[in-house]
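If you want our numbering, it's the 1-based position in the sequence shown plus 454.
Okay, so here's the structure we're looking at.
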Amino acid sequence: MPQRAATIVGGGIGGLAAAIALHRRGWRVEVLERAPEFTEIGAGISLWPNALHALEVLGLADAVRAYGAVEGTGGVRDRRGRWLSRTDNAELARRFGHPLMVLHRADLLRVLSKALPADSLRSGSEVSAVRDDDHSLVVEHRGGASRPDLVVGADGLRSAVRRALWPDAAGPRYAGYTAWRMVTEPLAEPPAEGAATWGRGERFGHTALPGGRMYCFATASLPAGTTSGSSEHAELLRRFGSWPDPVPALLAAVPADAVLRHDLYDLPPLPSFVRGRVALLGDAAHAMTPNLGQGACQALEDAVTLAHCLDGTPDVAAALRSYDLLRRPRTQAIARRSARLGAIGQLSWPPAVLLRDTAARLTPMGATLRSMRPVLSWTAPVDPVTATESESN
Numbered sequence: 455m456p457q458r459a460a461t462i463v464g465g466g467i468g469g470l471a472a473a474i475a476l477h478r479r480g481w482r483v484e485v486l487e488r489a490p491e492f493t494e495i496g497a498g499i500s501l502w503p504n505a506l507h508a509l510e511v512l513g514l515a516d517a518v519r520a521y522g523a524v525e526g527t528g529g530v531r532d533r534r535g536r537w538l539s540r541t542d543n544a545e546l547a548r549r550f551g552h553p554l555m556v557l558h559r560a561d562l563l564r565v566l567s568k569a570l571p572a573d574s575l576r577s578g579s580e581v582s583a584v585r586d587d588d589h590s591l592v593v594e595h596r597g598g599a600s601r602p603d604l605v606v607g608a609d610g611l612r613s614a615v616r617r618a619l620w621p622d623a624a625g626p627r628y629a630g631y632t633a634w635r636m637v638t639e640p641l642a643e644p645p646a647e648g649a650a651t652w653g654r655g656e657r658f659g660h661t662a663l664p665g666g667r668m669y670c671f672a673t674a675s676l677p678a679g680t681t682s683g684s685s686e687h688a689e690l691l692r693r694f695g696s697w698p699d700p701v702p703a704l705l706a707a708v709p710a711d712a713v714l715r716h717d718l719y720d721l722p723p724l725p726s727f728v729r730g731r732v733a734l735l736g737d738a739a740h741a742m743t744p745n746l747g748q749g750a751c752q753a754l755e756d757a758v759t760l761a762h763c764l765d766g767t768p769d770v771a772a773a774l775r776s777y778d779l780l781r782r783p784r785t786q787a788i789a790r791r792s793a794r795l796g797a798i799g800q801l802s803w804p805p806a807v808l809l810r811d812t813a814a815r816l817t818p819m820g821a822t823l824r825s826m827r828p829v830l831s832w833t834a835p836v837d838p839v840t841a842t843e844s845e846s847n
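Below, the structure is given as structure tokens:
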């Protein structure tokens, strides 16, 4: 089979992983990233066992582990700091083959980008048009025009590829709450356990990063587009400064100019992730709220599955229909589950909060881990998959 070419639009986690998976199967790849460089300005990222399995398939798990931290235990607390549920990372690893690992997004991007030929990474290449008329596949971008055999839209929540080829699809929808993300300076005595603390319409979470730093996040139910009257750091101190330890100490260790704030959105379900020889991947296909920590994990699964479906077949369109059959039901189900968990975490009516906290306290850890099995027990496909047009659409 002659060498085939793929254009990946978007140089984030999913786009780079897809490029790696295809490159290692002999494809000529180019990754078009509109930003001036391949980097990530976010904070921490959770890699659950399913994501680490995908990275194993890509041959990058050990490289990623070198940048990550694994906590012994974590869980959920109530507004007074009392534990509602706890999770043992050793038990997680025993059941699913890997622990939960946390690292900085920039470090993950660094590992992924280094696994590709430097000349395949094309920053400053914003895409202006994508056309597929069954005879000619064209991607127009700032550097010119590409005519590949395959286009992968991995360009995020507000995907240009999705807008071009799915013009009637519903746009992103606001989840009802905003989020802050931040990383502390190194702490002399970082907390021994991670936790998500649930309040009334607010949450605050923290987990370990290497070097004594902590990744923290917070949420609050607010109208979309709401801005803080002062700095975001001051807003966090106002909302969470009196919360139970270690929240105040963590906020004190966050540089005042290092707080990121974003309203949270997800994507209504698409009827298909593919159009001809164009496939959507990651947030461009199934953007979800971060409540399960599965956004990047699912993008890594997408990348591995996409390459598997394309392996050994000259019919790109048929392979993409198989990819859609494998990925769309799973990712959309996880997106729904994440949205439900977010709605529970953001409850503010006192009787509902009491019921939520009581139910969490009475649920055994084993039951919680069993409920996560459909998400975390994913393994890469090994057998050929076929799909008809009617099955995919």
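Beta carbons are placed, not taken as given, at the ideal position from N, Cα and C, and that holds for glycine.
Contact under 8 Å by Cβ, A789 with H740 | yes
Quick one: what does DSSP say I462 is sitting in, helix, strand or coil?
-> strand
Let me know if G766 comes out buried or exposed under the rule of 16 or more other beta-carbons within 10 Å of its beta-carbon.
-> The residue is exposed, with fewer than 16 neighbouring Cβ atoms inside 10 Å.
Reduced DSSP category for V728 - H, G, I as helix; E, B as strand; rest coil = strand
Among A649, E494 and A633, which residue has its Cα nearest to the Cα of W697?
-> A649
Alpha carbon of R482 to alpha carbon of L557, nearest angstrom | 30 Å
Please determine, among L691, L721 and D720, the residue with the shortest C-alpha to C-alpha distance to V708.
-> L691
Less than 8 Å between the CB atoms is what I'm expecting for T638 and M668, so what's the real figure, rounded?
-> 5 Å
So is P644 buried or exposed if we call it buried at 16+ other beta carbons inside 10 Å?
-> buried
Whole angstroms is fine: what's the gap from A489's alpha carbon to V606's?
-> 17 Å
Measure from the alpha carbon of D561 to the alpha carbon of each residue in V758, S500, Q752 and V485, then state which is nearest.
-> With distances taken between Cα atoms, D561 lies closest to S500.
Would the region 776 to 788 and the region 645 to 665 be scored as touching if the rule is three or more Cβ pairs under 8 Å?
-> no
Just mark H552 as buried or exposed, buried being the case when its beta carbon has 16 or more other beta carbons within 10 Å.
-> So H552 ends up on the buried side.
Taking the DSSP output, what are the residues bridged to R479?
-> The partner list for R479 (beta bridge, DSSP) is empty, contrary to what the question assumes.
Simplified DSSP state of I798, which is helix, strand or coil = helix
Helix, strand or coil at F658 [DSSP, three-state] = If DSSP states are grouped into helix, strand and coil, F658 belongs with the strands.
Please report the Cβ distance between F550 and P621, rounded to the nearest whole angstrom; I am assuming they are in contact, meaning their Cβ atoms lie under 8 Å.
-> That belief does not hold up - the Cβ atoms of F550 and P621 are roughly 40 Å apart, past 8 Å.
Which whole-angstrom value is the C-beta distance of A547 and M636, which I expect to be below 8 Å?
-> So it is not a contact: roughly 28 Å between Cβ atoms.
May I have the straight-line CA-CA distance separating V829 from P677, to the nearest angstrom?
-> 30 Å
Is A599 helix, strand or coil by DSSP?
-> Correct three-state label for A599: strand.
Check whether A738 and R616 have beta carbons under 8 Å apart = Yes, the pair counts as a contact, with Cβ atoms nearer than the cut-off.
Find the nearest neighbour of G468 within the set S539, L509, R458 and R715, judged by alpha-carbon distance.
-> The shortest CA-to-CA distance from G468 to any of S539, L509, R458 and R715 is the one to L509.
Closest Cβ-Cβ distance between S682 and chain C: below 8 Å?
-> Annotation note: the requested chain C is absent from the structure, which comprises a single protein chain.
For E491, count neighbouring Cβ atoms within 10 angstroms of its own Cβ and tell me buried if that reaches 16, exposed if not.
-> exposed
Which value, in whole angstroms, describes the spacing of the CA atoms of E689 and G683?
-> 8 Å
Is the CB-CB distance between L486 and R564 below 8 Å?
-> no
Beta-carbon proximity check, T759 vs L780, cutoff 8 Å | yes
Contact belief for A505 with L808 at Cβ below 8 Å, rounded distance in angstroms = That pair is no contact at about 34 Å.
Which class does I499 belong to by DSSP, given the choice of helix, strand or coil?
-> strand
What's the C-alpha gap between A583 and T681?
-> Taken atom to atom, the span from the alpha-carbon of A583 to that of T681 is near 33 Å.
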